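For what it's worth, my numbering labels the leading residue of the sequence shown as -18, then goes sequentially. Backbone N, C-alpha and C fix where the C-beta goes; we use that ideal spot for every residue, glycine too. Bear in mind that the values here come from a model prediction, so they are computed numbers and not experimental data. Structure record follows, encoded as structure tokens.
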Amino acid sequence: MEQTGTRQANTMTTNEKWVMASTAAGFSLENMDIMFLSFALAPIIASLHISSAAAGWIGSITNLGMLAGGAVFGLVGDRIGRVKTFSYTIFIFAFATAAMFFAHSLPMIYLLRFLAGIGAGGEYGVGIALIAENFSTHQIGRMSSVAAIGGQVGAIFAALMAAWIIPSFGWNALFLLGIIPVVLTYFIRRHVHESASFLTAQKQAQQNHEKVAISRLFATPQLAAQTLGLMMMTIVQIAGYFGLMNWLPSIVQKQQGLTVSGSSLWMIATILGMSIGMVAFGTIFDRLGPQVAFGIFLLGSAAVMFVILVVKSATALILAGALIGFFSNGMFGGYGAMISRLYPTAIRSTANSMIMNVGRAIGGFSSVVIGILMDRYSLAVTMACLAGLYVVSFLVSQTLPGIRKLQH
């Protein structure tokens, strides 16, 4: 992060406030869109009379759209600017989501979810780049985590809307709410401005005839190793998150005979755990550096995988969900903060978009893998496999030279 200043960390300029409000709202609405699909999946299967496998591809196609969107709009964001690109991506996923109201066939759903994924995948990298270029280096961890908490707000909103709309109006009507983000683009284009560091980097790149290209993430053997290592870490992050959130309640109910009557309470407790974890992670990240922050949370994630094995009541399950959420998703905002500090301004949007969306595209298949493990092996084996992934990610976080150099 090139920008520094003497003002206190707890004060923000008007532009910084708009940057935070816009990115947090964007991430909230993006997560709302993703959660709409989770809540609508069962009704979609019933209304279209499709198999579970066919329905499962809806989420996978969305993730592939995110990868494509990350590749395209990451480059666009580095070439024409963060603010314009951010608003374009919001338009795409808003209209594609709202168009699901008119989708009454599986091919149409596949197409619209791919388009929605393109918009959502492009939004992440540009939004993180906006934060990185408008705050000082020692604020990026906390600010990225605050924006990530916005995503949890979107999940809660989606749950409340799904409970009200689907029973009364059907699953198609739920997606009409996807048009809400269009309003956000008006405020973004009116109030958010490009940072001085980006404009300077863009001008220098033009003068030096430097091209913005994905290949720059692999320009040297050291840089290629760093990029691949970070991709591996994001794959583990997404795999753990989607795998656990999709399977955790049913795992305990099926394997240990518990009935979770308050499933909504479990979800709220888990989201609260995630949000508290994000605040804690961002603070540790900014004060002690990414190596320490990721080290604590990755080892914590590995350890809490085994907590589920000793759960003996619904109350304990709720507490376990909050604890797992704290560690496994508390570090989500930190990836963008770390990537933003490891790559120069000229390719920051591209780096964030590609690395995170590779994680989404590959890690998103974890639900299928965990299902296979549950069918063939015991709960203990499944949890041990997840814990092993976190340990591998921990080793990467402690050995990548770039991350070690970011320590305070």
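Assumed close pair residue i, residue j - CB separation to whole angstroms, cut-off 8 Å
{"i": "Gly40", "j": "Gly345", "result": "7 Å"}
{"i": "Phe74", "j": "Ala34", "result": "Between Ala34 and Phe74 the Cβ distance is about 25 Å, and since that is not below 8 Å, they are no contact."}
{"i": "Ala27", "j": "Ser334", "result": "With a Cβ gap of about 35 Å, Ala27 and Ser334 do not count as contacting."}
{"i": "Arg197", "j": "Ile328", "result": "5 Å"}
{"i": "Val164", "j": "Ala5", "result": "Actually they are not in contact, since the Cβ atoms of Val164 and Ala5 sit about 15 Å apart, beyond 8 Å."}
{"i": "Asn12", "j": "Gly135", "result": "4 Å"}
{"i": "Ala182", "j": "Thr326", "result": "4 Å"}
{"i": "Ala186", "j": "Leu290", "result": "Not really, about 52 Å apart at Cβ, beyond 8 Å."}
{"i": "Leu381", "j": "Gly210", "result": "5 Å"}
Inter-residue Cα distance where the pair is residue i and residue j
{"i": "Met124", "j": "Thr215", "result": "19 Å"}
{"i": "His119", "j": "Asp267", "result": "5 Å"}
{"i": "Ile130", "j": "Ser256", "result": "6 Å"}
{"i": "Gly263", "j": "Trp152", "result": "36 Å"}
{"i": "Ile305", "j": "Lys184", "result": "45 Å"}
{"i": "Thr296", "j": "Ser378", "result": "34 Å"}
{"i": "Phe54", "j": "Leu180", "result": "18 Å"}
{"i": "Gly132", "j": "Thr331", "result": "21 Å"}
{"i": "Ala261", "j": "Ala79", "result": "35 Å"}
{"i": "Leu29", "j": "His85", "result": "8 Å"}
{"i": "Thr208", "j": "Ile61", "result": "24 Å"}
{"i": "Thr(-5)", "j": "Ser117", "result": "15 Å"}
{"i": "His190", "j": "Ala23", "result": "52 Å"}
{"i": "Phe17", "j": "Phe307", "result": "23 Å"}
{"i": "Phe8", "j": "Pro162", "result": "10 Å"}
{"i": "Phe150", "j": "Ala144", "result": "11 Å"}
{"i": "Ser359", "j": "Cys366", "result": "11 Å"}
{"i": "Lys192", "j": "Asp14", "result": "33 Å"}
{"i": "Gly311", "j": "Val288", "result": "17 Å"}
{"i": "Asn338", "j": "Ile25", "result": "26 Å"}
{"i": "Ser19", "j": "Ala113", "result": "31 Å"}
Sequence-distant residues of its chain with Cβ nearer than 8 Å to residue i (five each side left out)
{"i": "Val64", "result": "Leu111, Ile169, Arg170, Val173, His174, Glu175"}
{"i": "Ile42", "result": "Tyr91, Arg94, Phe95, Gly98"}
{"i": "Thr363", "result": "Ile232, Ile351, Leu354, Met355"}
{"i": "Gly103", "result": "Gly50, Gly51, Val53, Phe54, Gly55, Val57, Gly58, Thr66, Tyr69, Thr70, Ile73, Ser334"}
{"i": "Ser347", "result": "Ile219, Ala220, Gly221, Phe223, Gly224"}
{"i": "Met286", "result": "Ile305, Met364, Ala365, Leu367, Ala368, Tyr371"}
{"i": "Ser242", "result": "Only weak support exists for where Ser242 lies, its pLDDT of 45 falling under 50; the value from the coordinates is given anyway. These residues qualify, in order along the chain: Ala295."}
Of the listed residues the options, nearest to residue i (C-alpha basis)
{"i": "Phe275", "options": "Val134, Leu290, Met259", "result": "Met259"}
{"i": "Tyr390", "options": "Ala140, Gly315, Ile42, Asp267", "result": "The requested residue 390 does not occur in the structure, where the chain is confined to residues -18 to 389."}
{"i": "Ala140", "options": "Val127, Leu155, Ile130, Ala129", "result": "Leu155"}
{"i": "Ile121", "options": "Gly51, Leu269, Thr201", "result": "Leu269"}
{"i": "Leu157", "options": "Thr4, Tyr167, Ile146, Thr166", "result": "Ile146"}
{"i": "Gly317", "options": "Ile336, Leu300, Ala6, Leu22", "result": "Ile336"}
{"i": "Leu280", "options": "Gly159, Phe375, Ser321, Ala136", "result": "Phe375"}
{"i": "Ile160", "options": "Phe82, Arg357, Val107", "result": "Phe82"}
{"i": "Gly224", "options": "His85, Ser309, Val0", "result": "Ser309"}
{"i": "Asn247", "options": "Thr208, Ile277, Ser149, Leu298", "result": "Before going on, a small fix: residue 247 reads as Trp here, not Asn. Checked all of Thr208, Ile277, Ser149, Leu298; the closest Cα to Trp247 is Leu298."}
{"i": "Ile320", "options": "Met286, Ile384, Ala200", "result": "Ile384"}
{"i": "Ile195", "options": "Phe20, Tyr324, Ile31", "result": "Tyr324"}
{"i": "Ala21", "options": "Leu10, Gly37, Phe8", "result": "Gly37"}
{"i": "Ile249", "options": "Gln187, Leu211, Asn44, Ile137", "result": "Ile137"}
{"i": "Pro88", "options": "Gly311, Thr251, Pro148, Ile31", "result": "Ile31"}
Other residues of its chain near residue i: CB distance less than 7 Å, five sequence neighbours each side excluded
{"i": "Val57", "result": "Thr66"}
{"i": "Leu253", "result": "Ala303"}
{"i": "Met142", "result": "Leu155, Leu158"}
{"i": "Thr166", "result": "Ser68, Ile71, Phe72"}
{"i": "Ile277", "result": "Ile265"}
{"i": "Ala205", "result": "Phe199"}
Same chain, Cβ closer than 6 Å to residue i, neighbours up to 5 away in sequence not counted
{"i": "Gly46", "result": "Phe95, Gly98, Ile99"}
{"i": "Val273", "result": "none"}
{"i": "Asn115", "result": "Glu(-3), Val0, Ser176"}
{"i": "Ala283", "result": "Ala368, Tyr371, Val372"}
{"i": "Leu387", "result": "Gly270, Pro271, Arg322"}
{"i": "Ser3", "result": "Ile169, Val173"}
{"i": "Ala77", "result": "Leu93, Leu96, Ala97"}
{"i": "Asn44", "result": "Arg341, Ala342, Gly345"}
Cutoff 9 Å: residue i Cβ touching any chain D Cβ
{"i": "Gly58", "result": "Protein chain content of the structure displayed is limited to a single chain, and chain D is not contained in it."}
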